[in-house]
Amino acid sequence: QVQLVESGGGVVQPGRSLRLSCEASGFTFSNYAMHWVRQAPGKGLEWVAVISYDGSNKIYADSVKGRFTISRDNFKNTVYLQMNRLWAEDTAVYFCARPQPDFDFWSAYYAYWGQGTLVTVSS
Amino acid sequence: DIQMTQSPSSLSASVGDRVTITCRASQGISHYVAWYQQKPGKVPKLVIYTTSTLQSGVPSRFSGSGGGTEFTLTISSLQPEDVATYFCQNYNSAPWTFGQGTKVEIK
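Sequences listed follow chains A and B, in order. Quick note, my numbering runs 27 ahead of the 1-based positions in the first sequence. Here my numbering is used: position 82 in the second sequence is 63, and no number is missing along the way.
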């Protein structure tokens, strides 16, 4: 069965960096774009970034552009989110999410979600 | 960016009631809307995609309709297990945006 397992969250000071990982299993990882979506405590969902199935195409939300970098390793079935210059507003649970259709960069509705990893930015 | 505005932000209804949640997009997004159910402390679950397609395993009391800028999620007969927050999502274009959520409770 499809599994997405995030790791790497924690408490970090403002201005510091953190790298999240999401290890996938149960499907052909290299066939799917992968997304990061976040949810601040008690708030709604915010899309963060996407990477195409082969890593050639990436898009970011304006709120993280220039600070966050998404990447993937199709041999390790893992997608990453490098987060630099973190602010308090980045405090959230970060989910990796897999769209339902394969090889479709734009049909970003998510049939599968990881359990999330909490990032807390605080001094 | 396309803004997705849900209404109401919360509702309370009795078991068996028909419940309707509306999502309005700030510009036309064809039929590229999905709906998610998120129970407290849980991960979002896909309920509906492409406006009206029921995700596999989701009870048939859930349905979606609409197009263009106005979309609805309907629960035909509210059940206790439907208590959750529901989010709509635009996937017509990046950035893919979500509504602010509608919290559904049992009266």
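All C-beta atoms in this analysis are idealised placements derived from N, C-alpha and C, irrespective of residue type, glycine included.
- Around V0/B, the same chain offers A(-6), I56 and L59 as residues with beta carbons nearer than 6 Å, after the five sequence neighbours per side are excluded.
- Bounds of any beta strand (DSSP E) do not take in G71/A, whose DSSP letter is neither H nor E.
- In this structure the segment 94 to 113 of chain A lies against the segment 50 to 59 of chain A, because at least three pairs of beta carbons, one per stretch, are closer than 8 Å.
- Across the structure, V(-4)/B and Q142/A are spaced so that their CA atoms are roughly 30 Å apart.
- Looking from the CA of G9/B, the closest CA among T50/B, D(-18)/B and Q36/B belongs to T50/B.
- Among the residues of chain A, those whose CB is under 8 Å from the CB of F68/B are G71 and L72, following chain order.
- Look at P61/B here: in three-state DSSP terms it is helix.
- In the assembly as shown, E33/A is a buried residue. Its beta-carbon has 16 or more other beta-carbons within 10 Å.
- One alpha carbon belongs to F95/A, the other to M110/A, and they sit about 4 Å apart.
- Looking from the CA of L113/A, the closest CA among W74/A, T105/A, L45/A and S134/A belongs to L45/A.
- No residue range can be given for R112/A, since it is assigned to no beta strand (DSSP E) and is classified by DSSP as neither H nor E.
- Against chain A, a Cβ distance below 8 Å from T78/B picks out W74.
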